[in-house]
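Enquirer:
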Ligand SMILES: Cc1cc2nc3c(=O)[nH]c(=O)nc-3n(C[C@H](O)[C@H](O)[C@H](O)COP(=O)(O)OP(=O)(O)OC[C@H]3O[C@@H](n4cnc5c(N)ncnc54)[C@H](O)[C@@H]3O)c2cc1C
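Residue numbers (the numbering used here): 20 to 488.
1) Say whether the stretch 398-418 touches the stretch 278-285, bearing in mind that this needs 3 or more beta-carbon pairs closer than 8 angstroms, one atom from each stretch.
2) Assess contact between the stretch 176-190 and the stretch 455-470, defined as three or more Cβ pairs (one per stretch) separated by less than 8 angstroms. Is contact present?
3) Could you name the residues that DSSP lists as bridge partners for residue 368?
4) By a C-beta neighbour count over all protein chains shown, 10 Å radius and 16 as the cutoff for buried, is residue 122 buried or exposed?
5) Just tell me which of 396, 382, 316, 315 has its CA closest to the CA of residue 326.
6) State the beta-bridge partners of residue 285 as determined by DSSP.
7) Would you say residue 50 touches ligand 1, meaning its beta carbon is less than 6 angstroms from a heavy atom?
8) Quickly, what does DSSP pair residue 350 with across the bridge? List them, please.
9) Is any heavy atom of ligand 1 found at a distance shorter than 6 angstroms from the C-beta of residue 461?
10) Tell me whether residue 370 counts as near ligand 1, meaning its Cβ is closer than 6 angstroms to at least one heavy atom of that ligand.
11) Is it buried or exposed, residue 85, if we count other Cβ atoms within 10 angstroms and call 16 or more buried?
12) Quick check on DSSP: helix, strand or coil for residue 332?
13) Whole angstroms is fine: what's the gap from residue 278's alpha carbon to residue 358's?
14) Taking the alpha carbon of residue 241 as the point to measure from, which residue in 259, 134, 43 has its own alpha carbon closest?
15) Note down, in chain order, each residue of its chain lying with its Cβ closer than 7 angstroms to the Cβ of residue 59, except the 5 sequence neighbours on either side.
16) Pick out the complete alpha helix (DSSP H) segments inside the stretch 402-477, 4 residues or longer, and give them in chain order.
17) May I have the straight-line CA-CA distance separating residue 263 from residue 178, to the nearest angstrom?
18) Classify residue 343 as helix, strand or coil using the three-state DSSP reduction.
19) Report the CB separation of residue 388 from residue 162 in whole angstroms; it is logged as a contact under 8 angstroms.
20) Comparing the CB of residue 365 with every heavy atom of ligand 1, is any distance shorter than 6 angstroms?
21) Please classify residue 259: does DSSP put it in a helix, a strand, or coil?
22) Nearest by alpha-carbon distance to residue 239: which of 191, 68, 399, 253 is it?
23) With distances taken from CA atoms, which of 45, 47, 41, 70 is nearest residue 55?
24) Is any non-hydrogen atom of ligand 1 found closer than 6 angstroms to the C-beta of residue 26, if you look at the structure I gave you?
25) The alpha helix (DSSP H) with residue 140 in it runs from where to where?
26) Have a look at residue 50 and residue 236 and give me their C-alpha separation to the nearest angstrom.
27) Looking at C-beta atoms only, is the number of pairs between the stretch 364-377 and the stretch 429-443 that lie closer than 8 angstroms three or more?
28) Can you list the alpha helix (DSSP H) stretches of 4 or more residues lying completely in the stretch 129-179, in chain order?
29) Report the start-end ranges of each alpha helix (DSSP H) in the stretch 68-118 that is 4 residues or longer and not cut off at the edges.
30) With a threshold of 6 angstroms on Cβ separation, who are the neighbours of residue 211 within its own chain once the five nearest residues in sequence on each side are excluded?
31) Is DSSP giving residue 49 helix, strand or coil here?
32) Quick one: is the Cβ of residue 32 within less than 6 angstroms of any heavy atom of ligand 1?
33) Is residue 267 near ligand 1, going by C-beta to nearest heavy atom under 6 angstroms?
34) Does residue 255 pass the burial test, meaning 16 or more other C-beta atoms within 10 Å, or should it be called exposed?
35) To the nearest angstrom, how far is it from the Cα of residue 272 to the Cα of residue 429?
36) So what does DSSP say about residue 252, is it helix, strand or coil?
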C-alpha cells in the first residue's frame, strides 16, 4: 500500500507548533468525544495517557460593545432558556421578546428544499440572535456564513430534531444538556477555532439528545500533531510506503492487471494500484479526476472553502485582563456585524495550562471567514498589527507580546452551502461508478477530526469491499 502526500509531512491540518518553548496546536486543538471515533484511535495508537479535557468551560461573545458570557441553554447558538438569554445581555430585551414569539407564531413555510441556517433560524428567532449567537456558533463552526450554509448539512441532528416542529425553541429544549440551568458549564457552544476549541461541535457532529455527560471534548497533551505522527508510524510498521512531498496530479485507468487497475500520476512518477482513496480536499479530488470524469470534477470543485489564519500571542500575565478572560471561559466569539478581522479569541493558556510558561498568558486568535479575505491578504507583520489593534479595543491589551506565531490556512474549511447534501450524493454516485475508488475528508459529511477519521474508515472499507479483500 502506498500513501502519497503533497506536503513534506503527513497529517494535513493536524499541526502542532511551538510558542516560547511550549507545544501549541496551530490547527485543531481538541475533538468531540461523541461517537468515540477519535478517542478510540488515540487509544489504539497508545496515546491514552496523553488525552486531556480542556481546563475551561463556557465561552463569551463580543455583544453590544462588551465581552459577555454566553447564556446557559444554548444549543449551537439557538437559545432555549429565555430568562438566561435576557440576563446575559447579549441581545436586548426586544430581541428576547422576538425569540419568545417563536413559541406562539404559526409554522413558517421554508423558502427552499434545503434552507440555510438563516432561513430556518432567522425567520423564527429574529436577526439579533441570528447574528450574535447562531452565526458565530453554528455558522462559525467552519468559518461560514449562516446566510449561505445549509442547515441540514451543517447541523444534521438539529435539523432532524426540529423537522416538522413549529417552534424551534420548544423542539430544542429537549436537546439541552442535562443540568444546563446550573450555569455556563452546561452550555454547549460551538465555533471553529477559538472558544470553539474545547467547546466546538463540527458540521455533522452537532449535539444530539442525551449526549454524553462529560467530557464532550478531548485534546492531546503531546499535541494533536502526535496523533498524525503516531498514525503514520503505525502505517509504516504495517508495511505502508509513505511518499511525502509527492503531489498527485491525475488518476487514470491502468492496464487492469493486478496492482495496475489505476495509475496515479505524481509529477514524474506513477503509482499503480487496485483501489484508491482520494483523502484530499474536494477541489484537489476534482483536479485528480478532471480527465476521468469531468462531471465528477465539476461537482467536487463546486464545494468552496474559506481561508482562515490563526495568530498565537503570549504576554506576561500582568499585562492582560485575566478577570475578563476568566469570565470568558474557553474564549470569545466575535460576530460578523462587528466588521472585525478577528472571528474568535481562544484563551489557550486557560484551556491548556501547559501551553504557557508560568506567569504568562497565551491567546490564539482566529481571523478570516467565508466572504472576508482581508486577513489572508495581509502580510504577517500587518496581520499581527491588525490583530493587536482589535485585541486592544476588545480586551484593552496594549503591551507588546513576548512572541507571536502566525499560521495560515488557505482554503481550509469547506462550506456546506445550500444544496450540499445533494452535491455529496452526486459525488458519491459518480465515484461509486468508477469502481474501487472512494473519497474521504472534511468536504463531505463533517469537518471535525472524528468525522474525517470516520470518513476515511468508510472509504477504506468501501474500496476493500469492491476489491473483495
Ligand atoms: C485552524 C483550524 C482549526 C480547527 N479546529 C478544529 C478543532 O478544534 N476540532 C476539530 O475536530 N476540527 C477542527 N478543525 C477541522 C479539522 O481539523 C479539519 O477539517 C480536518 O483535519 C481535515 O481533514 P482532511 O483529512 O479532510 O483534510 P486535510 O487535513 O487538509 O488533509 C488533506 C491532505 O491531502 C494532502 N493533499 C492535498 N492535495 C494533494 C495532492 N494533490 N496530492 C497529494 N496530497 C494532497 C494535503 O497536503 C493534506 O495532507 C480545524 C480546522 C482548522 C483549519
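C-beta: ideal position from N, C-alpha, C; glycine also.
Expert: Taking the definition as stated:
1) Not touching, per the Cβ criterion.
2) No, they do not touch.
3) Here the question's residue 368 lines up with position 349 in the chain shown. DSSP, once it has assigned bridges, lists no residue as partnering residue 368.
4) As a position in the chain shown, residue 122 is number 103, starting the count at 1. It is exposed - the Cβ of residue 122 has fewer than 16 other Cβ atoms within 10 Å.
5) Residue 326 sits at position 307 when you count from the first residue of the chain shown. Comparing Cα positions, the closest option is 396.
6) The residue labelled residue 285 in the question sits at position 266 within the chain shown. Answer is 288.
7) As a working mapping, residue 50 is identified with position 31 in the chain shown. It does: the Cβ of residue 50 is within 6 angstroms (strictly closer) of some heavy atom of ligand 1.
8) Working through the chain shown from its first residue, we reach residue 350 at position 331. In the DSSP output, where bridge partners are listed per residue, residue 350 has 365.
9) Along the chain shown, one-based indexing puts residue 461 at 442. For ligand 1, at least one heavy atom lies less than 6 angstroms from the Cβ of residue 461.
10) To locate residue 370, count along the chain shown from 1; it is residue 351. Result no, Cβ not under 6 angstroms from ligand 1.
11) Translated into the one-based positions of the chain shown, residue 85 becomes position 66. So residue 85 counts as exposed.
12) Along the chain shown, one-based indexing puts residue 332 at 313. Residue state, collapsed to three classes: strand.
13) For this step, residue 278 is matched to residue 259 along the chain shown. For this step, residue 358 is matched to residue 339 along the chain shown. Going by the C-alpha atoms only, they are around 54 angstroms apart.
14) Counting from 1 along the chain shown, the entry for residue 241 is found at position 222. Among 259, 134, 43, the Cα nearest to that of residue 241 belongs to 43.
15) Position 40 of the chain shown, counted from the start, is the residue given in the question as residue 59. Excluding residues within five positions, none has a Cβ falling inside 7 angstroms.
16) As far as the stretch 402-477 is concerned, its whole alpha helix (DSSP H) runs of at least 4 residues are 439-453, 461-464.
17) If you number the chain shown from 1, residue 263 lands on position 244. If you number the chain shown from 1, residue 178 lands on position 159. Going by the C-alpha atoms only, they are around 40 angstroms apart.
18) Taking the first residue of the chain shown as 1, we reach residue 343 at position 324. Note: residue 343 maps to helix in three-state DSSP.
19) In the chain shown, counting from the first residue as 1, residue 388 sits at position 369. In the chain shown, counting from the first residue as 1, residue 162 sits at position 143. Indeed they touch by this definition, with Cβ atoms about 4 angstroms apart.
20) Within the chain shown, the letter at position 346 stands for residue 365. Using a cutoff of 6 angstroms, the CB of residue 365 does not count as near ligand 1, since none of the ligand's heavy atoms is closer than that.
21) Residue mapping note: residue 259 aligns to position 240 of the chain shown, counting from 1. If DSSP states are grouped into helix, strand and coil, residue 259 belongs with coil.
22) Taking the first residue of the chain shown as 1, we reach residue 239 at position 220. If we check each option's Cα against that of residue 239, 68 comes out closest.
23) Position 36 of the chain shown, counted from the start, is the residue given in the question as residue 55. The shortest Cα separation from residue 55 among 45, 47, 41, 70 belongs to 70.
24) Position 7 of the chain shown, counted from the first residue, corresponds to residue 26. Checking every heavy atom of ligand 1 against the Cβ of residue 26, one is found closer than 6 angstroms.
25) To locate residue 140, count along the chain shown from 1; it is residue 121. Run containing residue 140: none; DSSP gives neither H nor E here.
26) Position 31 of the chain shown, counted from the first residue, corresponds to residue 50. Position 217 of the chain shown, counted from the first residue, corresponds to residue 236. Distance between the alpha carbons of residue 50 and residue 236: 5 angstroms.
27) Here the stretch 364-377 makes no contact with the stretch 429-443; the two share fewer than three CB pairs at distances below 8 angstroms.
28) 170-173
29) 101-107
30) Counting from one through the chain shown, the residue named residue 211 turns up at place 192. Per-residue confidence for residue 211 stands at a pLDDT of 39, beneath the threshold of 50, marking its modelled position as unreliable; no derived number is given.
31) To locate residue 49, count along the chain shown from 1; it is residue 30. Residue 49 falls in the coil class under three-state DSSP.
32) Here the question's residue 32 lines up with position 13 in the chain shown. Correct: residue 32 has its Cβ closer than 6 angstroms to ligand 1.
33) As a working note, residue 267 is residue 248 in the chain shown. Yes; taking the cut-off as 6 angstroms, the Cβ of residue 267 has a heavy atom of ligand 1 nearer than that.
34) What you label residue 255 is simply residue 236 of the chain shown in a count that begins at 1. Burial call: exposed.
35) Working through the chain shown from its first residue, we reach residue 272 at position 253. Working through the chain shown from its first residue, we reach residue 429 at position 410. Each residue's alpha carbon lies about 31 angstroms from the other.
36) Working through the chain shown from its first residue, we reach residue 252 at position 233. In the structure shown, residue 252 sits in a helix (DSSP, three-state: H, G or I).
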